[in-house]
Amino acid sequence: MNINLMFTGMITMTMCLCLPSFCNSQEVQESENATAAIPSENSASNSLMELIDRTKDWPSKSPNPVALIRASNTLRKLPKSEILAALSEYIEKHAPPPSPYQNPYHLHALVESLFDPADPSQRLEYPSSVVTDNHSQENSNFPWNPRVLLKFSDDIPWALVPDYWAVAPLSEADIQWLKRYAVVRTAPLRPADNPLIAAENLIRSVSAAREAVVASHSDLPRDGYAIYLRENVAKQSISMVSNWIPAIPELPYDDYMWAPFWEPLLNKSKTLGIYWDETKQEYAIGRKVDP
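Take 816 as the starting number for the sequence shown in our numbering and just add one per residue.
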């Protein structure tokens, strides 16, 4: 028998015996690759939970609300039912319990950034948003009655009170209220290009409102709250652009000490060409500044 023919036959037989195993192995590998390429519902949910969780340090541990703005603008792209499902899952499984020194402002800020009342003549007063233990909230001159103790101005969330003020955590009752009485806001958050200018405008408006309150209540003590809020808002604005603006120090409660610290920083911010980069969802510098 021709040795070459015998050798060829043995190779052919070996390939025939091995081929099914090889094909099965290849099919399994291709199937695993295809499965890995398809994102699971769990991975999508985890991504949303991480996105929301990155907001939890505002404002108790970090005054910078940029993570909150990013989360809001990402969630807004989802259908209303999916937004509410994500918030519900977070408050059930991931939200840290409130403490005297870290209140859940961040979830209230997310809700207020994402929803409007279905009836435009009404306020967005979901159950835990109503504050009843602050007498100045009842005064008509105070501009955010009776919302949770934060304010959106220039599409930036500002914390209005110290961390030890009690704010009810977001609950399933709030989710059900939003499901029935709220609609998703049409526009994403687009923060003011210069947060220090936005802070200056808010400080002036708060000062005017508080002066009206104090003037109408001669029995009220010296208005230390307005001084606290002024410094708090200033620090929050600087935190958003801290790569270029130095931190403001702790200041005494003296009006005459304010301008020497704040005005140089405000003036510097106007020369940097600060702007909100909508693609990266963060602040940048270098935009041409008008003379």
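C-beta atoms are modelled at their ideal positions from N, C-alpha and C, and glycine is treated no differently.
Around the Cβ of S840, are there at least 16 other Cβ atoms within 10 angstroms (buried) or fewer (exposed)? Stepping through the sequence shown from its first residue, residue 840 is reached at position 25. Confidence in S840 is poor, its pLDDT being 45 and thus under 50, which makes the residue's placement too unreliable to answer from.
In chain order, what residues of the same chain have a beta carbon less than 8 angstroms from the beta carbon of A860, not counting five sequence neighbours either side? Within the sequence shown, the letter at position 45 stands for residue 860. The question names Ala, but residue 860 is Ser in the sequence shown. Excluding residues within five positions, the ones whose Cβ falls inside 8 angstroms are A901, E904.
Alpha carbon of W1077 to alpha carbon of I1063, nearest angstrom: Locating residue 1077 in the sequence shown gives position 262, where the first residue counts as 1. Locating residue 1063 in the sequence shown gives position 248, where the first residue counts as 1. W1077 and I1063: Cα-Cα distance of roughly 8 angstroms.
Which residues mark the beginning and the end of the beta strand (DSSP E) in which K966 is found? As a working note, residue 966 is residue 151 in the sequence shown. Start and end: 965 to 968.
If we call anything under 7 angstroms between Cβ atoms a contact, is A1002 one with D969? Locating residue 1002 in the sequence shown gives position 187, where the first residue counts as 1. Locating residue 969 in the sequence shown gives position 154, where the first residue counts as 1. Between A1002 and D969, the CB-CB gap reaches or exceeds 7 angstroms.
Sub-7 angstroms separation of L929 and I990 beta-carbons: Start at 1 with the first residue of the sequence shown, and residue 929 comes out as number 114. Start at 1 with the first residue of the sequence shown, and residue 990 comes out as number 175. Not a contact, by the Cβ cut-off of 7 angstroms.
Within a Cβ cutoff of 7 angstroms, which residues of the same chain sit near V881, ignoring the five residues on either side of it in sequence? For the purposes of this step, residue 881 is taken as the residue at position 66 of the sequence shown. Taken in chain order, the residues that qualify are M1055, E1097.
Would DSSP call C897 helix, strand or coil? The sequence position of residue 897 within the sequence shown is 82, counting from 1. The question names Cys, but residue 897 is Glu in the sequence shown. In the structure shown, E897 falls within a helical segment according to DSSP collapsed to helix, strand and coil.
Residues near F932 by beta carbon distance below 7 angstroms, same chain, minus five either side: Residue mapping note: residue 932 aligns to position 117 of the sequence shown, counting from 1. One detail in the question is off: residue 932 reads as Pro in this sequence, not Phe. R938, L939, Y996, A997.
From what residue to what residue does the beta strand (DSSP E) around E927 run? Here the question's residue 927 lines up with position 112 in the sequence shown. Segment 920 to 929 is the alpha helix (DSSP H) holding E927; no beta strand (DSSP E) there.
Could you check whether W973 and V1048 sit closer than 7 angstroms to each other, using their CB atoms as the reference points? Reading the sequence shown from its first residue, position 233 is the one you call residue 1048. Reading the sequence shown from its first residue, position 158 is the one you call residue 973. Taking 7 angstroms as the cut-off, the Cβ atoms of V1048 and W973 count as close.
Considering only heavy atoms of the ligand PLP, does any lie closer than 6 angstroms to the CB of R938? The ligand PLP is absent from the structure shown, which contains no ligands of any kind.
Could you give the C-beta distance for Y920 and V999, rounded to a whole number, given that I count them as a contact under 8 angstroms? Sequence index remark: in the sequence shown, residue 920 carries index 105 (1-based). Sequence index remark: in the sequence shown, residue 999 carries index 184 (1-based). Not a contact, Cβ separation roughly 21 angstroms.
For the candidate residues P878, D868, S875, S877, whose alpha-carbon lies nearest to that of S887? Sequence index remark: in the sequence shown, residue 887 carries index 72 (1-based). Looking at the Cα atoms, D868 is the closest of the given residues.
Contained alpha helix (DSSP H) runs [length at least 4] in the segment 1039 to 1086, N- to C-terminal order: Fully enclosed alpha helix (DSSP H) runs of 4 or longer: 1039 to 1054, 1073 to 1086.
Please report the distance separating the alpha-carbon of V976 from that of P911. On the sequence shown, residue 976 is found 161 positions in, with the first residue counted as 1. On the sequence shown, residue 911 is found 96 positions in, with the first residue counted as 1. The straight-line gap from Cα to Cα measures roughly 20 angstroms.
Checking the sheet assignment: what are the DSSP bridge partners for P1108? Beyond the ends of the chain as shown, which are 816 and 1106, falls residue 1108; an answer cannot be given.
Give me, in chain order, the residues of the same chain whose beta-carbon lies closer than 8 angstroms to that of N1082; leave out the 5 immediate sequence neighbours on both sides. Along the sequence shown, read from residue 1 onward, the residue named residue 1082 stands at position 267. Excluding sequence neighbours, N1082 sits near nothing in its chain.
Close Cβ partners of A849 (< 8 angstroms) along its chain, the five nearest in sequence each way excluded: Numbered from its first residue, the sequence shown carries residue 849 at position 34. With a pLDDT of 39 at A849, under the threshold of 50, the modelled position of this residue cannot be trusted; read the value that follows with caution. Excluding residues within five positions, none has a Cβ falling inside 8 angstroms.
When the distance is taken between beta carbons, is W1059 closer than 7 angstroms to L1087? As a working note, residue 1087 is residue 272 in the sequence shown. As a working note, residue 1059 is residue 244 in the sequence shown. In contact: L1087 and W1059 (Cβ atoms closer than 7 angstroms).
Are the beta-carbon atoms belonging to L883 and T870 less than 7 angstroms from one another? Locating residue 883 in the sequence shown gives position 68, where the first residue counts as 1. Locating residue 870 in the sequence shown gives position 55, where the first residue counts as 1. Note that the C-beta distance between L883 and T870 is below 7 angstroms.
What is the residue span of the beta strand (DSSP E) that E1097 lies within? Here residue 1097 corresponds to residue number 282 of the sequence shown, with the count starting at 1. Counting along the chain, the beta strand (DSSP E) containing E1097 begins and ends at 1097 to 1099.
With distance defined between alpha-carbon atoms, name the residue in L1017, W873, K892, S896 nearest to K994. Counting from one through the sequence shown, the residue named residue 994 turns up at place 179. Taking only the C-alpha atoms, the option nearest K994 is S896.
Just reading off the alpha helix (DSSP H) that W992 is part of, what are its end residues? Start at 1 with the first residue of the sequence shown, and residue 992 comes out as number 177. Counting along the chain, the alpha helix (DSSP H) containing W992 begins and ends at 987 to 996.
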